[in-house]
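*Asks:* Numbering (the numbering used here), first residue to last: 2 to 302.
Heads up, the beta-carbon is just placed ideally off N, CA and C, and yes, glycines get one too.
Quick caveat: nothing in here was measured; it's all calculated off a predicted structure.
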Amino acid sequence: MPVVVAVVVTFGPDHDIAELLRVLDEQCDHVLVVDNGTPANGLTRIKRAAAETNAEVLALGHNRGIAAAQNVGIARARELGASHILLSDHDSLPAPRMVEKLLSGFDSTGRVAAVGPLPEEDREGGDQLVYVCRSWKPGRATHAELDTDRLEVAFLIASGCLVSIDALDTIGDMDESLFIDHVDLEWGLRAHQAGYRLLVVPDAKLHHSLGDDVVMLPGRSQPVHVHGPTRNYYLARNTIALVRRHALMPWRWRVRYVYWLAKYVAFNSVLPDRGKERRRLLRRGIRDGLRGRSGPLDAGA
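(1) At the level of alpha carbons, what is the spacing between His144 and Gly62?
(2) To the nearest angstrom, how far is it from the Cα of Val24 to the Cα of Arg292?
(3) Can you have a look at Pro273 and say buried or exposed, based on whether 16 or more other CB atoms are within 10 angstroms of its CB?
(4) Are Ala56 and Leu33 closer than 8 angstroms when you measure CB to CB?
(5) Which residues in the same chain as Met99 place their Cβ atom closer than 6 angstroms to its Cβ, once the five residues preceding and following it in sequence are excluded?
(6) Return the chain-ordered list of same chain residues with a C-beta closer than 8 angstroms to the C-beta of Pro251, the five sequence neighbours on each side being excluded.
(7) Could you tell me the alpha carbon to alpha carbon distance between Val259 and Asn233, rounded to whole angstroms?
(8) Distance, Cα to Cα, Cys295 vs Leu179?
(9) Looking at the structure shown, is Thr45 part of a helix, part of a strand, or coil, going by DSSP?
(10) Whole angstroms are fine: how far does the CA of Leu298 sit from the CA of Ile67?
(11) In three-state DSSP terms, what is Ala115?
(12) Which of the three DSSP states, helix, strand or coil, is assigned to Gly301?
(13) Jot down the residue ranges of each uninterrupted beta strand (DSSP E) in the region 23-109, minimum 3 residues, whole runs only, in chain order.
(14) Can you give the beta carbon distance from Val164 to His85, rounded, assuming they're within the 8 angstroms contact cut?
(15) Can you find the residues in the same chain that come closer than 6 angstroms, C-beta to C-beta, to Leu249, ignoring five residues on each side of it along the sequence?
(16) Under 8 angstroms Cβ to Cβ from Asp284, same chain only, skipping five residues before and after it: list those, please.
(17) So is Gly66 in contact with chain B if we call contact Cβ pairs under 8 angstroms?
(18) Which of the three DSSP states, helix, strand or coil, is assigned to Ser160?
(19) Which residue marks the beginning of the beta strand (DSSP E) containing Leu190, and which one marks its end?
(20) Could you give the uninterrupted runs of the alpha helix (DSSP H) lying entirely in the region 268-301, keeping only those of 4 residues or more?
(21) Assign Leu200 to one of three DSSP states: helix, strand, or coil.
(22) Skipping 5 residues on each side, what residues in its chain have a beta carbon closer than 6 angstroms to that of Pro14?
(23) Ignore the nearest five residues each way along the sequence and tell me which others in Ala69's own chain have a CB closer than 6 angstroms to its CB.
(24) Taking the alpha-carbon positions, what's the Glu187 to Glu80 distance?
(25) Return the chain-ordered list of same chain residues with a C-beta closer than 6 angstroms to the C-beta of Asp167, the five sequence neighbours on each side being excluded.
(26) Need the endpoints of the beta strand (DSSP E) that Pro14 sits in, please.
(27) Could you check whether Gly290 and Ala242 sit closer than 8 angstroms to each other, using their CB atoms as the reference points?
(28) What separation, rounded to the nearest whole angstrom, lies between the Cα atoms of His247 and Arg46?
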């Protein structure tokens, strides 16, 4: 029988996560909360919610990044005898029987590294975040493509992703040098390189919030997510980092990601909200990416 351990990464949640932990406790064998430096008052609320469902809290004390927090949870899940690990953000909520439906995806032919749900944002202008392989980039899945039992994808967003321990043994854990942003993409690329498949089960639903504002641009059907200046830095830096990994990313994708980065920088540079800070951190992200700098952003550097 599979043993599923949920690993929830928290970082200053602005809401009570008790419902999330309750739902995960119903669908998983164990629930772990890895806290990435939530202030004392918030951490107390997290521990109180965890106590209601006997979830285990691993407090890191400071923000070590999403990849490091996931790896801490993965290590503890191994100790608990996990066969599969369900990754979750604190702003997600699985629909009923989501984990059961995800487990069914591992019955597919070929080696399956991870199976994800259909993540749907709970707001106007929300998006279905499923990406399939296109010639020049990972592209958003169409409604027709999602009308299936199982869909092979380019990568899976981390929240709601059910990962096989056996696959982790071969592919490796999350890349902590990226800190945040593109961590799930990088792991997915390694999974494909190792000969694994990544699947989405569209009937498994996940209510998810990216925590960003969205805007609709003329002539574009999909919303554009607006990140804060710090995320501007990581997205710029880590996009360059992945483009430079020639053995990992197909050359057509590298070309398209350079084009995407140019559009991303141009769009965010003209946003009025914290515009000066955005432009400074975008420049720094590009510079650090070209220099090969990794890890957390040091505000004093």
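*Replies:* Put simply:
(1) Approximately 42 angstroms between the Cα atoms of the pair.
(2) For the pair Val24 and Arg292, the Cα-to-Cα distance works out to about 44 angstroms.
(3) exposed
(4) yes
(5) Within the same chain, Met99 has close Cβ partners Pro118 and Ala205.
(6) Answer for Pro251: no residue qualifies.
(7) 15 angstroms
(8) The question names Cys, but residue 295 in the sequence shown is Ser. Distance between the alpha carbons of Ser295 and Leu179 is about 6 angstroms.
(9) helix
(10) 13 angstroms
(11) strand
(12) Any reading at Gly301 needs caution, since the residue's pLDDT is 45, under 50, leaving its predicted position unreliable; the model's value is listed next. Residue state, collapsed to three classes: coil.
(13) 31-36, 57-60, 85-90 and 93-95
(14) 7 angstroms
(15) Leu190
(16) First, the amino acid is wrong: residue 284 is Arg here, not Asp. Cβ-Cβ distances below 8 angstroms link Arg284 to nothing in the same chain once the five nearest sequence neighbours on each side are left out.
(17) Going by chain labels, chain B is absent from the structure shown, which holds only one protein chain.
(18) coil
(19) Counting along the chain, Leu190 falls outside any beta strand (DSSP E), though it belongs to the alpha helix (DSSP H) covering Val184 to Gln194.
(20) List check, alpha helix (DSSP H) in window: 276-292.
(21) strand
(22) Cβ neighbours of Pro14 beyond the five flanking positions: His91.
(23) Glu177, listed in sequence order.
(24) 25 angstroms
(25) none
(26) No beta strand (DSSP E) holds Pro14; DSSP gives it neither H nor E.
(27) yes
(28) 44 angstroms
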